[in-house]
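Chemist: Here you go, one structure.
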Amino acid sequence: MATKPPSCNFIPLSLTFLLFFHGTICLALQMQNECEIRRINAIEPNERIQAQGGYTEFFDSDNQQLRCAGVEVVRHHIQPKGLFLPSYTNAAILVYVEQGCGIQGLMLPGCPETFEVSQQQGGGFQDRHQKLYNFRQGDIIAIPAGAAHWMYNDGQQELIVVVLLDTTNAANQLDQNYRRFYLAGNPQQRQQQQQQQQSPWGRKGQSQEDSGNIFQGFDVNTIAEAFNVDRETAEMLRCQFDQRGHIIMVERGLQVIRPPMSFQEQQGEPRNGLEETICSMKIRENIDASRADFYNPQAGSCTHLNSLKFPILKFLQLGAQRGVLHRDAIMAPCWMTNAHDIIFVTNGNMRMQIVNNEGQAVFDDQIREGQLVVVPQNFAVVKQAGEQGCKWISFRTNDNAMINTLAGKTSAMRALPVDVISSAYRMSREDAQKLKYNRDEAVLFSPGSMSSRRFSGGGGWPSEP
Amino acid sequence: MATKPPSCNFIPLSLTFLLFFHGTICLALQMQNECEIRRINAIEPNERIQAQGGYTEFFDSDNQQLRCAGVEVVRHHIQPKGLFLPSYTNAAILVYVEQGCGIQGLMLPGCPETFEVSQQQGGGFQDRHQKLYNFRQGDIIAIPAGAAHWMYNDGQQELIVVVLLDTTNAANQLDQNYRRFYLAGNPQQRQQQQQQQQSPWGRKGQSQEDSGNIFQGFDVNTIAEAFNVDRETAEMLRCQFDQRGHIIMVERGLQVIRPPMSFQEQQGEPRNGLEETICSMKIRENIDASRADFYNPQAGSCTHLNSLKFPILKFLQLGAQRGVLHRDAIMAPCWMTNAHDIIFVTNGNMRMQIVNNEGQAVFDDQIREGQLVVVPQNFAVVKQAGEQGCKWISFRTNDNAMINTLAGKTSAMRALPVDVISSAYRMSREDAQKLKYNRDEAVLFSPGSMSSRRFSGGGGWPSEP
Amino acid sequence: MATKPPSCNFIPLSLTFLLFFHGTICLALQMQNECEIRRINAIEPNERIQAQGGYTEFFDSDNQQLRCAGVEVVRHHIQPKGLFLPSYTNAAILVYVEQGCGIQGLMLPGCPETFEVSQQQGGGFQDRHQKLYNFRQGDIIAIPAGAAHWMYNDGQQELIVVVLLDTTNAANQLDQNYRRFYLAGNPQQRQQQQQQQQSPWGRKGQSQEDSGNIFQGFDVNTIAEAFNVDRETAEMLRCQFDQRGHIIMVERGLQVIRPPMSFQEQQGEPRNGLEETICSMKIRENIDASRADFYNPQAGSCTHLNSLKFPILKFLQLGAQRGVLHRDAIMAPCWMTNAHDIIFVTNGNMRMQIVNNEGQAVFDDQIREGQLVVVPQNFAVVKQAGEQGCKWISFRTNDNAMINTLAGKTSAMRALPVDVISSAYRMSREDAQKLKYNRDEAVLFSPGSMSSRRFSGGGGWPSEP
């Protein structure tokens, strides 16, 4: 009746090469307008950039699941005394500290240089700079889009961080390609890119660990005048012959001002109304199992970070969850109403099943340590830990992700009247009651409980008179 | 001067089949980047899915006007004792109850099961479930994206509801395709789709009334373990041989707990600060003519629902209007500054004229009962009822839609100085005054008033000395 | 490992014409999904529409930098006694008054007609209309998307205004094409468009200064009935033979009601809680150098307008800056974290350098009076005034744009510990200190200060013991 918009199916093509094009065009449409995810794979890093003080691994940014979720994931390995050079990106960033500890510097415009050593305290050298943040394994660090930051490994072991880069964030008005702007160094490009750069259209890969720092694009005389330094010093800002890459070694160790680290300080900074500016905002929060929101000694634990707990997430519109499942334990089948879930396994393995709106499993496989899977918004998912148990970090594309469980104490099934269950599934009221009340745990389900905690009229559900 | 971005016009093609491709590509561009609406048609449902307890009609989701507005419209017909199975979608939903009455269940995560029958009250069976909502003709029901819900016809006549599905909603991070996830049953697919599913690219139609419930994608053993039930019960959740479709009959009638329905209860739940959580939020509001915001006995009435009146609309970013025009009466020519307007005629007919930014009528036709038209944001529109008068429901893609009228008491014309009117339209000040003051009604204009209430110096406009 | 989405590089094509298509498709993808800006040019208006009372210049809306920023820029030249006809657009609008003065009318639905002359005051004619706003050189006027407005030059010289049209604004649910809906007149089309209009797909250029006013699309009888006027008057609303275009001359001068203009009134309307509705909201604010936020007699001045100062900008999600640099003075190298910056030079010239994430200058050139450049979000930029100094107006796509400077008192460099600088740039601590502290000005840097204010241990940085 009405004019039909273009569709891949209405074109009567017969020539093979045209069909080929046809496919290309459809594919193009699909890529942009649709995220019709039919198959999800567990992915691992497929690229690496080596630097003097460590390396960065990249998960395939062309992967449909990441592209549809509008995010990128990278993983930095920083050696002791390694310094990740100051940079900023067009993405909102969540960092999970998988191993080790370090110092984070964040350069926020308009915030005072509150860390200072005054002359009286002696010592050869004085300095004054913005606040630094100590972090350690199990921490989540939040970095707003466009905020320059650096990171230093001041520990004894390799520092490993998993980084979510959200380029679909409201803060980003550029396209969805992740861009990192370095303030120093002469970072290498990713290898895949160098080929693509030849494209006459100037088109490149979807993400870019970019070559060159921003001072390389400025005229040296302008830099000299802007900083009021001589040409030689200005030239140094460009780092043009620096071969150290984006992570450098500070051989003698980095000398910065910082308060003595105490456990209190690590627990979290005090907050009051006056201090609640962006300058004093907490950017780090621990997500360890010791702070679990859900805990079941038979099954595992689960810790959430949302904007109520960690207010900066409100700006980033991101959240996180740390999950721990013991051997064979199950995470309640569920769907998330308002967020994608990007899951990275840090230890062990688990079987995940992800189901789409047609009742088809788009993923039913093991996911192991070092692998990543995206659970798209609304898709149903169930997790069951393998023999070694499983630990993971999960990033959510909402600062207050809402989860609906299908089974258990707070599930959608409990919300339903028994008669709706009985009618819908054509089962007896007794079976409907079992379905509704047999699992009394909320989110973390102990394994093999079928035999031990069967329908018995006790516990959390109303018994027959 | 500057480099030109790609355009369909700059490619000098001569071969026919290339032109064909050219067209395809342009079309693709157009579809995605532009909603250059040149012609709008009144549309009717063009697909239907039959089920045991009723059927669902679909308005063509490929239709440009719906696609540009980023919405879908469907219409459910549910027989007495028919149950629309529990499901959730990636769209924010507004339901208008065109005929009949029923019960709505909404399964909200974290909300308590507040409807319960305790043991003392006797009777063979106890249950406890989340709040249910009675609804009846003239109600608007709001359902947040991702919230599971079901609907049951507990009345004597067919229940008919018109449903707006907004997939461009901020809550939806998937693509704009409407997806429904069923928790039960074995719903049929739409017919058009089954062909498209063959596409090697896995591309399907723009909307999907999906086959299969989500439990079909999970392993039966996993379901059994998660619910702590036996394999047979778990198997029942998959409903694999269920032929009843998405609306089933509950032959003996649905037994659920609910308070005695009283008129008070229907008028609206009490609200206070403590109760203002999502769990106690009102999800239903009546939009009948008896609650009119604008009323003119000679012309008709008009009832608005926005987020000030019905706070849940703030979350959905949607609004609604119920309009009634008597024979030949006119709705003031107007444009909406911040919303599209999706108009479905429930009774009678009217002539609508919709004008674009080039002063061209993209629609000038009758729209009858059962037909739908989209008035794009900013487009100017005027409605005049036919011989039988006209009633319609209009859905707006903003929770606080702002309307500018061109004629009448609160119009843009009244805001203009007479001298601007006189200069702009090259008319005398007397004519400008008539133009400004001759129609003293606000929104609903009585017909044939030209003769009766002409420019006379009285009424709402300042007279000459 | 995972399925690859389409990319321009993976298709092994050999035939030339296929390559051609390949290019087209890629181009198409690029246009929509990416704003990979490799080269920026200073642009000037390339189109003009002449009217009786003035003319409008258009900056090339196909230009990648404007398209990527999601904005259009036009410049109206209105002769004394010229009236820009009432119209509304789908874009949020910021107007900068480059020269002259005038009256602005804004027709807001639901706002009262507060400007009135009552009968007692005598005189031949009475009227009553909505509030008018006087404006003059240096003012910024904010107009919400969809709000009808008109403008009149009541001064002695040509009125020139530069207009930013933001179509990516949240308020616009149509596509990104700028559309203007005229309430009067018979405006001409832009010339470039007329060719494109022949496209079988109804596709047109990206922006449209549209022909015809909206009344041309309505049936004359309907207009007559809606306004309750005779057919002749209704016909006049269509202005079909009006050759005057979108800016008309009011030969005898426009007669409107307005209070005596006083300096106080120009300084800004009083505001209190009661008045804070959209109807009494301030829509005009002066951005002259006399209200500078940053001032340095040796370098220049800089005035910002954000939503804290000028609350209506919160609705528009736009901001502005007025910049003045004296000869050879430098604006601190910086990047903006959350906005694009659209810079239009009103006087003199300056050298601008814009650097992307690969450390490449995408722009390194002079920009002169009448030229425009877009600095994309996150891109680094430095400005240095030419021999005549430079003045510009800059529009930002955020109501609270955040700027990070690289050099100077509040810069990212100051936030860094000296040891990070020294390690990153491989320079001595002494050089690092100079880099950090040698420029003690905040944003506006006086020229040639290298010799006069060298590293000396004094001033704002901590000295050696």
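Chains as they are written, first to last, in the working numbering: chain A, 1 to 465; chain B, 466 to 930; chain C, 931 to 1395.
Glycine included, every Cβ here is placed at the ideal spot set by N, Cα and C.
1. Can you name the residues of chain B whose CB is closer than 7 Å to the CB of Ala415/A?
2. Run the CB neighbour count on Gln353/A, radius 10 Å, all protein chains shown included, and call it buried at 16 or more, exposed below.
3. Do the segment 313-327 of chain A and the segment 297-304 of chain A touch if we need at least three Cβ pairs shorter than 8 Å?
4. Considering only their Cβ atoms, is the gap separating Gln377/A from Leu639/B smaller than 8 Å?
5. Does Asn221/A pass the burial test, meaning 16 or more other C-beta atoms within 10 Å, or should it be called exposed?
6. According to DSSP, is Met1332/C helix, strand or coil?
7. Scan the segment 1084-1111 of chain C for residues whose Cβ lies nearer than 8 Å to a Cβ of chain B and list them as they occur along the chain.
8. Can you give, in chain order, each stretch of the alpha helix (DSSP H) that sits fully within the segment 585-662 of chain B and has at least 4 residues?
9. For the alpha helix (DSSP H) containing Arg429/A, list its first residue and its last residue.
10. Could you check whether Gly408/A and Phe445/A sit closer than 8 Å to each other, using their CB atoms as the reference points?
11. Rank Trp150/A, Gly53/A and Ala91/A by C-alpha distance to the C-alpha of Thr1267/C and give the top, closest one.
12. Quick check: the Cα distance between Ala1077/C and Gly575/B, rounded to an integer number of angstroms?
13. Taking C-beta pairs closer than 8 Å, name the residues in chain C that Gly146/A reaches, listed in chain order.
14. With distance defined between alpha-carbon atoms, name the residue in Asn169/A, Gln243/A, Ala361/A and Leu237/A nearest to Ala184/A.
15. Just to make sure I have the definition right: I need the residues of chain B whose C-beta is within less than 7 Å of the C-beta of Thr410/A. Which are they?
16. So Ile679/B and Gly245/A are in contact, right, with Cβ under 8 Å, and what is the actual spacing, rounded?
17. Got a sec: which bits of the segment 742-767 of chain B sit with their beta carbon under 7 Å from any beta carbon on chain A, in order along the chain?
18. Looking at Val163/A: is its Cβ nearer than 8 Å to the Cβ of Ile93/A?
19. Can His541/B and Thr521/B be called in contact, C-beta distance under 8 Å?
20. Contact check, Ala226/A vs Val1312/C under 8 Å by CB: the rounded distance?
21. Taking the alpha-carbon positions, what's the Ser1352/C to Arg1369/C distance?
22. From Gln853/B, Leu881/B, Ala845/B and Ala804/B, pick the residue whose C-alpha is nearest to that of Ser859/B; which is it?
23. Following the continuous alpha helix (DSSP H) through Tyr1355/C, name the residue where it begins and the one where it ends.
24. From this set, Met331/A, Val256/A, Gln188/A and Asn186/A, which residue's C-alpha is nearest Val1348/C's C-alpha?
25. With distances taken from CA atoms, which of Ala999/C, Asn993/C, Arg968/C and Ile1008/C is nearest Gln980/C?
26. Within 8 Å, do at least three Cβ pairs link the segment 506-513 of chain B to the segment 833-841 of chain B?
27. Is Ala292/A near the ligand MN, going by C-beta to nearest heavy atom under 7 Å?
28. Since His1079/C and Pro1016/C should fall inside the 8 Å C-beta cutoff, what is the C-beta to C-beta distance between them, to a whole number of angstroms?
29. CA-CA distance, Gln653/B and Gln517/B?
30. Show which residues of chain C have a CB atom less than 8 Å away from the CB atom of Tyr890/B.
31. Residues of chain A with a CB under 8 Å from the CB of Gly677/B: which are they?
32. Within the same chain, show all residues whose beta-carbon is closer than 6 Å to that of Gln1251/C, passing over the 5 residues directly before and after it, in chain order.
33. In the DSSP assignment, the alpha helix (DSSP H) including Ala361/A goes from what residue to what residue?
34. For the beta strand (DSSP E) that Thr862/B lies in, which residues bound it at each end?
35. By how many angstroms is the C-alpha of Ala1101/C removed from the C-alpha of Gly1000/C?
36. Please name the residues in the segment 680-699 of chain B whose beta-carbon is closer than 8 Å to at least one beta-carbon of chain E, in chain order.
Modeler: Taking the geometry as given:
1. Met572, Glu578, His594 and Gln595
2. buried
3. yes
4. yes
5. exposed
6. coil
7. Ala1101, Asn1102, Gln1103, Leu1104, Asp1105, Gln1106, Asn1107, Arg1109, Arg1110 and Phe1111
8. 656-661
9. Arg429 to Tyr437
10. yes
11. Ala91/A
12. 42 Å
13. Trp1265, Met1266, Thr1267, Asn1268, Gln1307, Asn1308, Met1332 and Asn1334
14. Leu237/A
15. Pro574 and Gly575
16. 46 Å between Cβ atoms; not a contact.
17. none
18. yes
19. yes
20. 6 Å
21. 17 Å
22. Ala804/B
23. Val1348 to Tyr1355
24. Val256/A
25. Ile1008/C
26. yes
27. The ligand MN is absent from the structure shown, which contains no ligands of any kind.
28. 7 Å
29. 11 Å
30. Ala1114, Met1166, Leu1167 and Cys1169
31. Glu358, Gly359 and Gln360
32. His1234 and Ser1324
33. Segment Ala361 to Arg368 is the beta strand (DSSP E) holding Ala361/A; no alpha helix (DSSP H) there.
34. Thr862/B -> no beta strand (DSSP E), and no H or E assigned at all.
35. 13 Å
36. Looking at the structure shown, chain E is missing, and the protein chains on hand are A, B and C.
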